[in-house]
Structure formats: C-alpha cells, structure tokens
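76 is the number of the first residue of the sequence shown in our numbering; add one for each residue after it.
The C-beta atom is built at its ideal place from N, Cα and C for all residues, glycine as well.
Data block below; observations after.
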Amino acid sequence: MSTDTTSENKGTEEAGRDYRETLFLPKTDFPMKAGLPAREPEWLERWQKLDLYNRLRESAKGRETFVLHDGPPYANGNIHIGHALNKILKDIVVRSQQMMGKDAAYIPGWDCHGLPIEWKIEEKYRKKGLNKDEVPPLEFRRECREFAQHWVDVQKEEFKRLGVSGEWDNPYLTMSFDAEAKIVEEFQKFLMNGSLYRGSKPVMWSVVEKTALAEAEVEYADHVSHTIWVKFPVVTGDALKGAAVVIWTTTPWTIPANRAISYSPKIAYGLYEVKATGEKLVLADALAAQVAKDAGIEDWTRLRDVTADELRGVVCAHPFRGQGYDFDVPLLAGDHVTEEAGTGFVHTAPGHGQDDYMIWVENFGSKDIPETVNEEGCYYDHVPLFAGKFVLTRQGKEGNANAAVIEELEKANALLAKGKVKHSYPHSWRSKAPLIFRNTPQWFVAMDAKIEA
C-alpha cells in the first residue's frame, strides 16, 4: 500500500516538472504571430527611410545594366488583382537581376491617354446635363489631365503598399510635356526624310465617342440590319451587255461609297433571266435559287455559264449614274468572295471595309478612296443625293441614311429586293452603341521608301 503511494507521488512530481530548462531551444526575436497588416507598413516605412532603392543604385554603379521595359497600367481607377500579379512578377525579375550582380533599375510609368479617361469625364458631364461638344477643348483636356494625375497618385501608393521597389518619385507619364515633345521630335524625323505622307484608311469608328476603336475595344452583339439586293448594269463587256450584276449588302448606307464589285474566279457564275420582266442577272449558281426566293421571283431560267474570263474587265454603272455618280464600277477578282451568302458578288466600298480597302489598294493604290461619312456619322455635304443624312445618330441609334438610300434605289429601279437580318455586329464596349467602318485621313510612314542617308 505504501509502495503504491510512493509511486503515485513520484509520477505526479515528474508530470509537473518543467523540462524546458533541460533542452537547448533556439531563441528568436520574431514574434509568434506575423501580424502582417500591422508590420508590413513598418517595413515599407523603414525601407523608405533607408532610401534603399537609391542606395542599391549607388552600389550597382558600373555594373552591367538590366532594364525591364514595363508596359504601363492605365490611370483610370484603383489597381486590381491583375495589376498586382503583373507588378509583383516584374518586381521579382528586377530584384533577382540585382541580386545576380547587375544594375537593375525599375522606372514605373502610366498610360494617361485614351478613351477610358475621356469617357469618365463625359460621364460627369452627362450627370450635369452637358454635352462634351459644349465644353471648350482646352477645358476638357485639363479635366482629363487632372483625372489621370489623381489616379496616378492613388495607384502609386497602392503599388508601393505591395512592396514593389522602384523609382516612384520620378515615374514616366505619357501625358508629360517632355514625352509629348519627344513624340513630335521623332515624328518630324519621318517628315524630314520624306517617308511621311498623308493618306486615308477605314477604321472602326464610334459615332457616340467620336473616335476610332482598336480591335480589343470592340465587342460583338446581335443587331438587326437592313439587307438589299442591288442591280449594277453592265456598260462594258459585249458578252454581258444589257445584263446586271447583283450585289447583296447589310449596309445600304455604303452604296454611295461604292467604287467596285468583287468576284471570285473560283466560283461558278451563270446568266439568269427573269421571265416576267426580261431582266438578265449575273449570279453565283450556288446562290441563284435563294436570291430568286428572297426577291419573290417565281419564273426564271438559267441561260448559260458566265466564266471568270468574261467577268475580267467588265465595268458596271453605279445605280445612281446621272445623279452625281457617273464613275465606272469595275469588277475585281478577290479571294474574300465566297458562296456562303449573298449573290457571289461583293459590293466594294473601299472607304467602309477592310477587305474593300485592301482589294482597291491592290488594284489602284490608295488614290480615289471616297470620304462620304464624317465623324458624327453624317454624310458630308459633297455626297450627292444624301448630304446631311445620318447613318447613326449621336446617341448611336439608326439614322435616316439607310431609308434614304433604299428609297433612291427603288426610284432608280435598281433594287431587286430588300429585307432585314439579325446578325452579329460590332459595338463599342463602352457605349454599347453600333460601330461603323469609316474612311479617315491619317498619317502614314512608307516603310519601303528609299531614305536618303
């Protein structure tokens, strides 16, 4: 009994003994809890007081340089996870290069130009019931500059909070006057060596925002468009004289800008006669039946083949010939013509489409490309029959141009059929309004021009 009691007391004594004094445990000044939200700002403040970035620059003088060309973020809002991922990865690259013995400076920068900033200022105007066009340009630019500078300052602090090391007190800004002056200086070099010239090219244009859009700024959505089948009478080409080449388009408003018709040598064409009227039409064989159905033609017949050799060199008249459209409309062979829809012939308006522009330039160079629609989506005053008509309104709604063109085609007996189609169509990702292809004057640099040394 006493033995059991002794053992029990001994076990209790051992259980209560502190063995930490018998162990060689490491000691650290690090706290058991990280407490990062509180400690990280302290580290950043310490680095700033030490002027760590500039001290690294001093210590690395004379070493091989490493420069990371940083595509700048846009100065129009707080940073997001994409910004963080981008900057942290770049910071790792720069720091690792510094640790490998190089002089790895990092100069942050911001993109301060472009539509997103303008759009934010316009939103402010709209809340006040103002239109951008009512505001003096200098005042508008000043507000855009102030908006961009505000977000540069905000983002700068957010990037510094991520611990990204860089020359934050001396960033580059695309809106700095020095940068803009440098652009003009470099631009002048092209002017002086003769490689700069003025030309025009069709671009995706937003009537609402009054600016061209890059492909990345375009989104596609369902849109209901007018469709028309238009007859272009053949005026040269003995074998087809008296016939008409039929085109199909979903943009009636581009008919005044038509300068050619494209066909494909790989497509089988035929000459067809409408029994009721005696009209002779040139169509792709694979699409003729559908065209007849869409046009409500019940009695028609195929007269013969029309070869690619016959089409080569054929010239048509514009449907509005005699009303200010007295130029020739040649047939041009193009690889972009298919049998998927339409008539097998493509209405070609070089000022309102990329394929149209390319085939025109291929055959005639960049001359004689008409400018028919201005920045507000309105026909210029020099456009016969349709001056002042709107393709799209300033709000991005359909204007009166399509209806006016269709009406004139009916008067000219050039309209074979009309209808509507729902299809995917480009829209602005900001205003959500439909876009148009529009020929705009631009500056070009001739890359193949011989430059005097």
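* Asked: When we look at the beta-carbon of Gly-59 and count the other beta-carbons within 10 Å, is it buried (16 or more) or exposed?
  -> The structure shown does not extend to residue 59, since the chain is modelled only from 76 through 528, so no value can be given for it.
* Asked: Looking only at DSSP bridge pairs, what is Tyr-338 linked to?
  -> Ala-408
* How long is the line joining the alpha carbons of Trp-280 and Leu-467, rounded to whole angstroms? -> 11 Å
* Where in the region 117-171 do unbroken runs of the beta strand (DSSP E), each at least 3 residues long, occur, reported from the N-terminal end onward? -> 140-142
* **For Pro-445, the nearest candidate out of Asp-401, Pro-331, Asp-380, Glu-385 (CA to CA)** => Pro-331
* Should the region 106-113 be regarded as contacting the region 124-139, the criterion being three or more beta carbon pairs within less than 8 Å? -> no
* Asked: Which residue comes first and which comes last in the beta strand (DSSP E) that contains Glu-348?
  -> 344-349
* the region 426-439 / the region 355-373 touching (three or more Cβ pairs under 8 Å) -> no
* **Leu-100 burial status per 10 Å Cβ neighbour count (16 or more: buried)** => Its Cβ having fewer than 16 others within 10 Å, Leu-100 is exposed.
* What are the start and end residues of the beta strand (DSSP E) that includes Arg-377? -> Looking at the DSSP string, the run of the beta strand (DSSP E) that includes Arg-377 is 375-381.
* To do: Pull up the CB-CB distance for Val-404 and Ile-336, whole angstroms please, since I reckon it's below 8 Å.
  => For a cut-off of 8 Å, the C-beta gap from Val-404 to Ile-336 is around 6 Å, short enough to register as a contact.
* Do you know how far the Cα of Lys-102 is from the Cα of Met-76? -> Any reading at Met-76 must be qualified, since the residue scores a pLDDT of 47, below 50, and its modelled position is unreliable; no value is offered.
* Whose CA, out of Ile-511, Pro-340, Ser-503, lies closest to the CA of Ala-291? -> Ser-503
* Using DSSP bridges, identify the partner residues of Val-448. => Bridge partners of Val-448 according to DSSP: Tyr-454.
* Tell me whether His-422 is buried or exposed, calling it buried when 16 or more other Cβ atoms sit within 10 Å of its Cβ. => Looking at its Cβ environment, which holds 16 or more other Cβ atoms inside 10 Å, His-422 is buried.
* Taking the DSSP output, what are the residues bridged to Asp-403? -> Ala-392
* Whole-angstrom distance between Arg-130 and Lys-124, CA atom to CA atom -> 11 Å
* Grab the span of the beta strand (DSSP E) containing Glu-294 for me, first residue to last. => 293-311
* Across which residues does DSSP place Phe-512 in a beta bridge pair? -> Its beta-bridge partners are Met-279.
* Taking the C-alpha atoms as reference points, what is the distance between Gly-309 and Asp-384? -> Reading off the sequence shown, one finds Val at residue 309, where the question assumed Gly. Cα to Cα, Val-309 sits roughly 15 Å from Asp-384.
* Asked: Which term fits Lys-203, buried or exposed, when burial requires 16 or more other beta carbons within 10 angstroms of its beta carbon?
  -> exposed
* Grouping DSSP H, G and I as helix and E and B as strand, with all else coil, what is Lys-207? -> Judged by DSSP in its simplified three-state form, Lys-207 adopts helix.
* **Proximal residues to Ile-481 (C-beta, below 8 Å), its chain only, five neighbours per side dropped** => His-301, Ile-303, Pro-327, Leu-490, Lys-493
* Throw me the rounded Cβ distance for the Asp-186 and Tyr-128 pair, which I believe falls under 8 Å. => Not confirmed; about 23 Å, so no contact.
* Asked: Say the cut is 7 Å; is the CB of Val-320 nearer than that to a heavy atom of the ligand GTP?
  -> Among the components modelled here there is no ligand, and therefore nothing to report on the ligand GTP.
* Asked: Does the beta carbon of Leu-491 sit closer than 8 Å to a beta carbon anywhere in chain B?
  -> Reference to chain B is not applicable here, since this structure consists of a single protein chain.
* Asked: By Cβ distance below 6 Å, which residues in the same chain neighbour Ala-392 in space, the five residues on each side in sequence not counted?
  -> Pro-308, Val-310
* **Residues near Glu-193 by beta carbon distance below 7 Å, same chain, minus five either side** => Counting only Cβ-Cβ distances below 7 Å, and skipping sequence neighbours, we find Cys-219.
* To do: Take Ser-441 and list the residues in its own chain whose beta-carbon comes closer than 6 Å to its own, dropping the five residues that flank it on each side.
  => Gly-274
* Kindly indicate the opening and closing residues of the alpha helix (DSSP H) around Ile-258. => 252-267
* Asked: Any idea what DSSP makes of Glu-354, helix, strand or coil?
  -> coil
* Indicate the three-state DSSP secondary structure (helix, strand or coil) for Gly-426 in the structure shown. => Looking at Gly-426 - three-state DSSP - the assignment turns out to be coil, as it is neither helix nor strand.
* To do: Excluding the 5 residues preceding and the 5 following Phe-420 in the sequence, name in chain order all residues of the same chain whose CB lies nearer than 6 Å to its CB.
  => Val-320, Ile-322, Ile-336, Tyr-338
* Candidates Glu-133, Arg-132, Lys-165: which alpha carbon is nearest Pro-147's? -> Lys-165
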